Amino acid sequence: MKKKTVLLAAGLVLASSAAYAASWTGGDDLPTSPLACDGTPGTVAAKPYDGGVPTNPPDRNGKKITVVDIPKLIGIGYFNATSKGIADAAKELGNVDAKTDGPTKANIDEQITFIDNYVTSGVDGILFAANDPVAIAPVLKKALAAGINVVGYDANSTPDARQWFVNQAEFNGIGKTMIDSLAKEIGEDGSFAIVTSTFTTPNQARWIAEMSAYAEKCHPNLKWLETVEAQEDNVLSFNQATTLINKYGDQLKGIVGMTSVATPASAEAVTQAGQCGKVAVVGLATPNAMKPYVEKDCVKSVVLWNPVDLGYAAAYVLRAAADGTLKPGDTSVKAGKLGELQVVNGSEILLGAPFVFDKANIGQFDF
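Under our numbering, think of the first position of the sequence shown as 79, with each following residue one higher.
Right, here's the structure in full:
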């Protein structure tokens with residue numbers, strides 16, 4: 079199934095499952111592969127390497143390298159956690175000098191400027207989480223052309239603009255987990271809206287597209303009301319969620335947060351509106367940000383992976399690429415304490431399956 083847009087009709091109310099294909103979801107136009115409704119694992123077809131290749135890189139095998147991590151933005155809990163994972167891996171490896179730098183807002187132009195400056199000043203490796211997969215590609219290709227090793231994580235670029243991408247979970251796995259959790263809380267015929275960062279943010283667009291396909295297949299009576307952008311901004315996310323609550327009233331049964339900022343902000347909006355127990359909040363967020371809402375039973379479930387592990391894995395993948403021990407055509411890579419991680423989709427490294435945090439387990443995690 080492919081997402082089709084209708085005059086940017088973000089506010090289109092869906093009256094039946096047939097309306098799914100005509101709604102603006104904030105997803106992308108790529109083909110989807112919804113998982114089985116009964117939880118049968120999906121299969122990943124073998125695919126040739128489709129990543130980029132650095133031009134005449136120096137011999138870095140075993141030598142100390144300087145790496146810069148440039149995420150979507152700095153200063154939020156999620157990317158603080160990935161940065162910690164990168165720093166942990168660098169310390170463990172002993173031959174990687176890594177630092178995190180980047181914009182304080184999720185702005186692709188600013189992110190490009192940061193990357194370009196480091197390409198000019200000279201580094202051995204660049205780690206990134208893209209704000210826009212296409213817009214970021216030219217500067218990443220510039221880095222490859224300069225012989226720099228380039229590895230993405232969290233949010234991909236076009237494949238030829240980097241060597242490898244560390245994917246936190248398969249997109250269809252995230253889509254299934256999010257929609258199953260939502261349907262469990264609001265019922266099979268409940269109405270919901272989404273708060274995302276931007277319609278072009280690659281990982282969120284892919285998750286939303288897969289959510290739409292899986293919902294149509296396995297929960298066809300769910301009603302998708304609207305998708306709104308909040309720019310990974312806490313105040314804007316809160317305001318967008320509040321607007322949805324006021325706009326739809328009793329019709330709104332759930333809000334889905336697609337970012338680690340949007341989900342707790344939506345939970346706060348529901349709390350302040352006195353809608354706990356009436357409007358469910360399901361989404362992607364760090365456990366620390368969601369503990370207050372989970373402990374008060376305003377939020378039942380939070381979907382994520384361990385972002386510390388994601389950053390840790392990305393650093394190990396970059397080190398392996400720099401050493402030449404991870405090459406096109408390989409099927410796995412060693413990632414320290416995480417063991418062997420599998421190569422999927424040609425040039426992606428898969429961290430693992432998504433995890434659901436709830437009241438029974440969220441206290442066991444601290445990030």
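For glycine and all other residues, C-beta sits at the position ideal for the given N, C-alpha and C. What you are looking at is a predicted structure, and each value in this text was computed from that prediction instead of being measured.
- request: Starting from N139, trace the beta strand (DSSP E) both ways and give me its first and last residue.
  value: Where N139 is concerned, there is no enclosing beta strand (DSSP E), given that its DSSP letter is neither H nor E.
query: In angstroms, rounded to a whole number, what distance separates the CA positions of L171 and T160?
result: 16 Å
query: Can the beta-carbon of T320 be found less than 9 Å from the beta-carbon of A345?
result: Contact: no.
message: Only counting the same chain, and skipping five residues up and downstream in sequence, which positions put a Cβ closer than 6 Å to that of P237?
response: D128, G129 and S425
message: For the ligand PLP, I want to know if T236 counts as a neighbour, meaning its beta carbon is within less than 8 Å of at least one of the ligand's heavy atoms.
response: This structure lacks the ligand PLP; in fact it carries no ligand of any kind.
Selected residue, minimal CA-CA separation from G104, among W302, D137 and K254: W302
field: beta strand (DSSP E) segments (min. 3 residues) lying fully within the region 342-417
entry: The DSSP assignment places 358-362, 379-382 and 410-412 as complete runs of the beta strand (DSSP E) inside the region 342-417, in order along the chain (cut-off: 3 residues).
message: A358 and I264 - do their beta-carbons sit closer together than 9 Å?
response: yes
field: Cβ-Cβ separation, M256 to V380 (assumed contact under 8 Å), whole Å
entry: Not confirmed; about 11 Å, so no contact.
- prompt: Buried or exposed: which applies to A100, given that a residue is buried once 16 or more other Cβ atoms fall within 10 Å of its Cβ?
  reply: The predicted position of A100 is uncertain, since its pLDDT is 39 and thus under 50; no value can be drawn from it.
task: Grab the span of the beta strand (DSSP E) containing D175 for me, first residue to last.
output: V174 to T178
- prompt: In or out: G68 buried (at least 16 other Cβ within 10 Å) or exposed?
  reply: This structure gives no information on residue 68, because the portion of the chain shown stretches from 79 to 445.
task: Below 8 Å on the Cβ atoms is my guess for K369 versus I440; work out the distance and round it to an integer in Å.
output: With 8 Å as the limit, K369 and I440 qualify as a contact, their Cβ atoms being about 6 Å apart.
query: Looking at C-beta atoms only, is the number of pairs between the region 146-153 and the region 178-195 that lie closer than 8 Å three or more?
result: yes
- prompt: Whole-angstrom Cβ separation of F435 and P365, contact assumed at under 8 Å?
  reply: 5 Å
- prompt: Any chance the region 262-276 sits against the region 224-232, with 3 or more Cβ pairs inside 8 Å?
  reply: no
DSSP state of A100 mapped onto helix, strand, coil: Note that A100 scores a pLDDT of 39, beneath 50, so its modelled location is shaky; the value from the coordinates is reported in the next line. Helix.
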